[in-house]
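Following this note's numbering from start to finish, the sequence shown increments by one per residue and tops out at 1038. We put the beta carbon where it would ideally sit given N, CA and C, even for glycine.
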Amino acid sequence: MLTLLKIRNLALVDELVWELGPGLIGVTGETGAGKSVIVGALKLVLGERADKGLIRSGEDSCTVEAVFELKDSADIDAVLAEGGMDACEDGSLIVRRVIGQSVNRQFVNDSPVTLALLKRLGEHLVDLHGPHDHQSLLSTERQLSMLDAYAGNDAALDGYRSTWRTWRDKETELEDLKQAESASGQELELLRHQVAEIDAAQLKPEEEEEIADRYRRASNASRLVELSGAAATALGGEEDGLLVRLSEVQKLVRELEKLDPTIRDRTQGLEGAAMELQELERSLSDYAEELDIDPAEASRLENRVNLFESLKRKYGADLTEILAHRDRAAARHDSVENRGERLEQLTAEAAALRAKTDEAGAGLSAKRRKAAPKLAKEIASQLKDLGFKQSSFEVQVLAAKTPNFSGLEGIEFQFGPNPGEPLQPLRQIASSGEISRVMLAIKSALADQDATPLMVFDEIDANVGGEIARSVGKKMAVLGARHQVVAITHFPQVAALAGRHYVVEKEVAGGRTRSRLYPVNGEARIGELVRMLGGGGESARAMAASLLEG
């Protein structure tokens, strides 16, 4: 549930810290007192876009923070994981929005998140309904989701959709092949030539660098022999070679060491240097002999390098790309040459997958058709409790022309509030009072399947009478046994049924108007109900007391 809501500098609220409890929570107050600020704050938590007009006059920013404690955070954790975030720790989730004059930011568990991610989280956290927030209820797609939730169709729907996607992918492949133009004989010949040319080269991606190195040595062989030979001669020349002169230095050093042995610390590296230079001279001589490259080998290497360059100009930047081009050309050639055979194969595969899709869809349809009248009966029963004593409600199942993402059918919630009149789709009901009560009836019927922690009803009891308002309150109280429910209401009949009652009130302090929220109990609660009843006196007080008792 939502355990804490903090609001700072939002509209008329300078600072509000609201600790909520479970069950049905009533929020009342005079028109314009600031009840809408609470709804606005929750909408910000749900990821609704904000503008700087929400910031309290004279302030630079406003902040909303909500703390949720979740018994089962699996759905929330899945959304967080997709966003690269850690799962909730001990089921705790903290959402914070900061609205500034130029920059808006949002955080979840103190980590910055995108508004899109926050909106996805909000779908799992709060179900908010106002007098006109019923568009989702009028959507036939949403109605179908409600029926599936009631019927427990999650596994059947997932299985069907997996099969449907495979079928649609195959159909797309088939259509692409049908619409592709037949290749000309000239194109086929070109494709064959490209494949043959690349195959004839017998390319290996790893050989390009090796061949290049060998060709570079072969093409510069004479100069390499000249340089390495000169270096070897400079080291080992008989008269003025470096090793001859180094031998003279060694003799001098040995004489020094005889006269002063302590000098050995300074000269001990000489012997090692002499050995290394001797090894270098031998290595250079061997290298010069090895460079005696066969002209035929040099010619072969040159031809190989030229072949690489020629193929790269035609087919790709390196040997790997050239081979990839060869595979594409071969696939295109086979596809065109065997187009008729491929069409026949794809047609058969698509037909088989369509049969599997129909079979999976039929199983899902059977579950829906079995659950539809049960859900309709449950909603109709809830509607009777809300003042529609002789109303009718049906869940109409309509076959689709072709399998779609949702199955082999759609559904339409149909409602007839008056006896003798034909049932109509919900979207054709004009009265917001009626549609709000229908929405509450549906929510009540689906209470066990709805996993949303918090439900908020913002004056959905508008445009209804006293007794009906009492019935609306009772339904909310029943929902409060399964969910945390916040009811913002003008009706004392609804407020009296709340387990907790809060009042929003405007006050002027220091020349500034602000809204504040506080709990009412005992006499203070009776006084608020008397105000809502529209008058003072003992009769109004007695009625308020009876509402709390009843």
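Scanning the region 935–989 for uninterrupted alpha helix (DSSP H) segments of 4 residues or longer gives 954–968 and 980–983, listed from N- to C-terminal end. Residue 922 carries a helical assignment under DSSP once its states are collapsed to helix, strand and coil. No residue range can be given for residue 874, since it is assigned to no beta strand (DSSP E) and is classified by DSSP as neither H nor E. Nearest neighbour of residue 552 by Cα position, chosen from 506, 560, 815 and 578, turns out to be 506. Taking a contact as a CB-CB distance under 8 Å, the pair residue 901 and residue 631 counts as one, their CB atoms being some 5 Å apart. Within the same chain, Cβ atoms closer than 7 Å to the Cβ of residue 626 are found at 914 and 915, the five residues on either side in sequence being excluded. Around the beta carbon of residue 977, 16 or more other beta carbons lie within 10 angstroms, which makes this residue buried.
By the neighbour-count criterion, in which a residue is buried when 16 or more other Cβ atoms sit within 10 angstroms of its Cβ, residue 890 is exposed. Around the CB of residue 589, fewer than 16 other CB atoms lie within 10 Å, so the residue is classed as exposed. In this structure residue 495 is not in contact with residue 988, their Cβ atoms being roughly 18 Å apart against a cut-off of 8 Å. Between the C-alpha atoms of residue 579 and residue 528 there is a straight-line separation of about 25 Å.
A distance of 9 Å or more separates the beta carbons of residue 765 and residue 719.
Burial is judged here by how many other beta carbons sit within 10 angstroms of a residue's own beta carbon; residue 946 has at least 16 and is buried.
Judged by DSSP secondary structure, residue 798 falls within the alpha helix (DSSP H) whose first and last residues are 783–803. Going by beta carbons, residue 555 and residue 491 fall inside the 9 Å limit.
The region 807–826 makes no contact with the region 655–663, as fewer than three CB pairs between them are under 8 Å.
The beta carbon of residue 831 lies closer than 8 Å to those of 662, 665 and 666 in the same chain, with the five residues before and after it left out.
The C-beta of residue 876 has 16 or more other C-beta atoms within 10 Å across all chains shown, which makes the residue buried.
Around the Cβ of residue 643, a 10 Å sphere holds fewer than 16 other Cβ atoms; the residue is exposed.
Residue range 880–892 is occupied by the beta strand (DSSP E) that includes residue 888. Between residue 985 and residue 931, the C-beta gap is not smaller than 9 Å, which leaves the two residues out of contact. Under the DSSP definition of a beta bridge, residue 994 partners with 1003. Apart from sequence neighbours up to five positions away, the residues of its chain that approach residue 571 with a beta-carbon distance below 8 Å are 601, 602 and 605, ordered along the chain. Boundaries of the beta strand (DSSP E) harbouring residue 507: 501–507, taken from the DSSP string. DSSP places residue 495 in the strand class (E or B) of the three-state scheme. Judged by DSSP in its simplified three-state form, residue 814 adopts helix. By the 16-neighbour rule on beta-carbons within 10 angstroms, residue 979 is buried.
Counting the other CB atoms within 10 Å of its CB gives residue 909 a total below 16, which places it among the exposed residues. DSSP, reduced to helix, strand and coil, places residue 518 outside both helices and strands of the structure shown, so it counts as coil. Looking at the DSSP output, residue 902 sits in a beta bridge with 882 and 913.
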